[in-house]
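A.B. asks:
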Amino acid sequence: MLRYRCTDFFLARTQRNATSELLRDTPHTFGRLRRVAKFSEIRWSAGGNKRAHGSDGYSFAPRRPRERSNERVGSKRMNRITTALLAALEALLVVAIGIGIAMVPLTVLWAARFGLSVEWFVFWRAAADIWLLGNGVDLTVQLGSDVAAGLGLAGADTPFLISVVPLGFAMLSVLMGVHTGRRAAETPHRWTGVGVAIGTYAILAALVTLSAASDTVAPNQLQGFVLPTLVYAVGVIVGAELGRRRTEGVVTGLDPVSRHIRAGYERMPQTTRTVIEGALRGGTAAAAGVLIVSALAVAALIAINYATIIGLYEAVQAGVFGGATITLAQLALIPNLVIWAAAWFVGPGIALGVGATVSPIGTVVGTLPGLPLFGALPQGTPAYGFVGLLVPVLIGFIFAVVTRQYLDRPGVPERTTLEHVLTGLGIGVVAGGILGLLSWWSAGAMGPGRLVEVGPDPLVVGALAAAEIGVAAALGMLAGRVRLPSVRRAKR
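Mapping of the sequence shown onto this note's numbering: residues 21 to 512, in sequence order.
#1: Would you mind reading off the limits of the alpha helix (DSSP H) that contains THR291?
#2: Rounding to the nearest angstrom, what Cα-Cα distance links LEU136 and TRP360 in this structure?
#3: Within 10 angstroms of its Cβ, does ALA499 collect 16 or more other Cβ (buried), or is it exposed?
#4: Return helix, strand or coil for LEU159, following the three-state DSSP convention.
#5: Can the beta-carbon of GLN162 be found less than 8 angstroms from the beta-carbon of ASP235?
#6: When the Cα atoms are used, what is the spatial distance from VAL441 to ALA420?
#7: Can you give the Cα-Cα distance for SER462 and GLY156, rounded to whole angstroms?
#8: I need the straight-line Cα distance from THR103 to VAL480, nearest angstrom please.
#9: For the putative contact between THR160 and PRO186, defined by C-beta atoms under 8 angstroms, what is the C-beta separation to the nearest angstrom?
#10: How big is the Cα-Cα spacing for VAL254 and VAL124?
#11: Just mark THR437 as buried or exposed, buried being the case when its beta carbon has 16 or more other beta carbons within 10 Å.
#12: Drop a sphere of 10 angstroms on the beta-carbon of ALA363, count the other beta-carbons inside from all chains shown, and report buried for 16 or more, exposed for fewer.
#13: With three or more beta-carbon pairs closer than 8 angstroms as the criterion, would you say the segment 293-312 touches the segment 446-456?
#14: Going by alpha carbons, who is nearest to TYR426 out of GLY496, GLU139, ALA483?
#15: Mind checking GLY164: buried by the 16 CB within 10 Å criterion, or exposed?
#16: On a Cα-Cα basis, can you pick out the residue from ALA147, VAL313, ALA217 that is closest to THR121?
#17: Grab me the residues of ALA487's own chain with a C-beta within less than 8 angstroms of its C-beta, minus the 5 sequence neighbours each way, in chain order.
#18: Give the straight-line distance between the Cα atoms of THR220 and MET196, rounded to the nearest whole angstrom.
#19: By the three-class DSSP mapping on this structure, what secondary structure does ILE381 have?
#20: Quick one: Cα of PRO398 to Cα of VAL310, how far?
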């Protein structure tokens with residue numbers, strides 16, 4: 021009996037020691053578990069709760085996910101609201117900056133030249149009309165009889181159309197729209213930001229269109245509701261797509277429509293894809309090359325004819341503030357002049373009114389709009405005007421050779437002569453399409469009478485550019501068989 025009691029004593033003592041060691045190590049063990057299972061549904065609570073597991077002071081208690089979920093939903097809602105507010109603010113700033121570029125000098129002119137005696141809303145409507153015209157909206161002008169008689173132009177006493185778009189305003193809207201789209205793509209609610217920005221811009225454009233109408237100048241209401249928003253929307257969508265590609269990847273972040281188009285493109289034979297890729301890359305590069313050369317030519321003409329331009333400024337006698345206003349209007353027309361120079365290099369040139377042309381074979385002008393910048397136009401028949409026709413040809417040939425070097429990369433199968441020729445012709449079609457569209461956007465009417473036709477003919481420019489660049493690019497694709505030294509080293 022004594023032996024059994026001693027045995028029970030030692031067993032009980034051993035159990036108590038083991039229990040005490042377990043309880044001593046338990047906080048450390050569950051501390052590690054708590055750090056590992058940070059977001060699990062089990063929570064370790066210590067002290068005071070003696071109802072669940074006795075008097076040891078430790079218990080398990082389930083989390084309360086409902087409060088956490090409510091906090092998360094509220095945070096997402098606030099993020100969405102913040103994204104929408106910021107997008108609306110950016111759209112407001114874009115409209116304010118676009119109108120402010122014309123409004124600031126006009127307001128200064130109102131205060132300095134007219135002594136605040138004229139109603140300010142006259143200058144507001146003028147700034148709104150300039151902004152709308154810069155975004156592609158046609159203006160119908162009805163001059164008074166005394167003003168029309170002073171101009172001395174046929175048809176000035178009847179309503180006439182002004183549709184030449186100062187592309188500087190459109191470029192500003194597109195670039196700022198790209199910035200807005202990039203900002204929206206950095207948030208979890210990309211399409212909320214894009215939709216709110218475009219919707220806010222549409223509302224503001226409609227308000228500006230309604231407020232700009234007057235007895236003298238009336239913008240096209242339908243175009244005013246649609247075109248400015250469309251110009252801005254192009255920039256926003258492009259910016260959102262660029263931002264999405266940067267944050268999510270080129271393939272993984274594609275929307276269903278883009279994935280479907282990409283899947284159809286990848287089902288094509290590899291040689292067909294190579295021809296399409298070469299045509300798009302080479303054609304875009306060739307059009308950009310022609311525009312770069314045209315911009316350099318415009319800058320050179322302005323520098324060479326600087327004295328003539330200054331003389332025309334003095335002849336206008338617009339004063340300091342009037343001269344500043346004219347200068348801003350001419351800066352908005354600089355992109356138009358670059359496109360017109362591209363049309364000159366392609367061959368057909370531009371029209372500065374009915375019966376007046378500026379082309380490589382000669383310049384015949386009559387009455388010009390009263391802008392000093394037109395003093396930079398070439399006069400007479402250029403001695404070496406035909407050299408300008410070589411610009412698109414050389415650019416098409418050079419960029420075709422570069423495109424051939426790019427396409428002859430490892431992993432791409434060899435292509436036949438016909439496929440090289442088709443790639444070159446595709447380069448010409450893409451470049452001609454781009455230059456034709458830009459010519460269409462830059463041309464229009466600049467006044468009554470003879471000035472109803474100003475700018476290049478888009479169909480002729482596009483067709484000639486496609487032919488010149490296409491033939492030269494086809495020859496360049498065939499001549500590009502000899503690899504450049506840098507490409508040869510890269511292949512080794």
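Even for Gly, the Cβ is constructed at its ideal location relative to N, Cα and C. No experiment lies behind these values; they were computed from the predicted model shown.
C.D. replies: To lay it out plainly:
#1: Walking along the sequence shown from the start, residue 291 turns up at place 271. Looking at the DSSP string, the run of the alpha helix (DSSP H) that includes THR291 is 290-324.
#2: As a first step, residue 136 is located in the sequence shown; it is residue number 116 there, counting from the start. As a first step, residue 360 is located in the sequence shown; it is residue number 340 there, counting from the start. Rounded to whole angstroms, LEU136 to TRP360 spans 39 angstroms at the Cα level.
#3: Start at 1 with the first residue of the sequence shown, and residue 499 comes out as number 479. So ALA499 counts as exposed.
#4: Residue 159 sits at position 139 when you count from the first residue of the sequence shown. It is a strand residue.
#5: Counting from one through the sequence shown, the residue named residue 162 turns up at place 142. Counting from one through the sequence shown, the residue named residue 235 turns up at place 215. Closer than 8 angstroms, so yes.
#6: What you label residue 441 is simply residue 421 of the sequence shown in a count that begins at 1. What you label residue 420 is simply residue 400 of the sequence shown in a count that begins at 1. Cα-Cα distance, rounded: 10 angstroms.
#7: Locating residue 462 in the sequence shown gives position 442, counting from the first residue. Locating residue 156 in the sequence shown gives position 136, counting from the first residue. Roughly 10 angstroms between the two C-alpha positions.
#8: Residue numbering aside, residue 103 sits at position 83 when the sequence shown is read from its first letter. Residue numbering aside, residue 480 sits at position 460 when the sequence shown is read from its first letter. So the alpha carbons of these two residues sit roughly 46 angstroms apart.
#9: Taking the first residue of the sequence shown as position 1, residue 160 is located at position 140. Taking the first residue of the sequence shown as position 1, residue 186 is located at position 166. Contact flag wrong, Cβ pair sits at about 17 angstroms.
#10: Here residue 254 refers to the residue found at position 234 of the sequence shown. Here residue 124 refers to the residue found at position 104 of the sequence shown. Rounded to the nearest angstrom, the two C-alpha atoms are 27 angstroms apart.
#11: Numbered from 1 along the sequence shown, position 417 holds the residue referred to as residue 437. It counts as exposed.
#12: Indexing the sequence shown from 1 puts residue 363 at position 343. With 16 or more Cβ atoms within 10 Å of its Cβ, ALA363 is classed as buried.
#13: yes
#14: Within the sequence shown, residue 426 is the residue found at index 406, counting from 1. The candidate whose alpha carbon is nearest that of TYR426 is GLY496.
#15: Numbered from 1 along the sequence shown, position 144 holds the residue referred to as residue 164. It counts as exposed.
#16: For this step, residue 121 is matched to residue 101 along the sequence shown. Here residue 121 is Ile; the residue named in the question, Thr, does not match the sequence. The residue with the shortest Cα to Cα distance from ILE121 is ALA147.
#17: Mapped onto the sequence shown, residue 487 falls at position 467. Closer than 8 angstroms at Cβ, skipping near neighbours: GLY448, GLY452.
#18: What you label residue 220 is simply residue 200 of the sequence shown in a count that begins at 1. What you label residue 196 is simply residue 176 of the sequence shown in a count that begins at 1. Each residue's alpha carbon lies about 14 angstroms from the other.
#19: Indexing the sequence shown from 1 puts residue 381 at position 361. Coil.
#20: Walking along the sequence shown from the start, residue 398 turns up at place 378. Walking along the sequence shown from the start, residue 310 turns up at place 290. Rounded to whole angstroms, PRO398 to VAL310 spans 19 angstroms at the Cα level.
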